[in-house]
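Take 282 as the starting number for the sequence shown in my numbering and just add one per residue. For reference, the structure discussed in these notes is given below.
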Amino acid sequence: MCLEREGYWVTEAQNGEEAIALCQTLRPDTVLLDATIAGMSGFECCSQLRTIPNW
282 MCLEREGYWV
292 TEAQNGEEAI
302 ALCQTLRPDT
312 VLLDATIAGM
322 SGFECCSQLR
332 TIPNW
């Protein structure tokens, strides 16, 4: 991935549920989502991420 070559730490999720779990654990500074992510849309995933307290 291009970001890794530039020195960024990158973690990938295979679906929306995994992305939410990873974000709750890792608390990343930035999240990039695919609008057509498996299991739920990227928009739904984003909506759920926004409900995480103190983040």
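For glycine and all other residues, C-beta sits at the position ideal for the given N, C-alpha and C.
Its chain contains I333 as the residues whose beta carbon lies nearer than 7 Å to that of Q305, once the 5 sequence neighbours on both sides are disregarded; these appear in chain order.
Secondary structure of T306 (DSSP, three-state): helix.
Residue burial is scored here from C-beta neighbours: A300 has at least 16 other C-beta atoms within 10 angstroms and is therefore classed as buried.
Taking C283 as the centre and dropping the five residues before and after it, the same chain places no C-beta closer than 7 Å to its C-beta.
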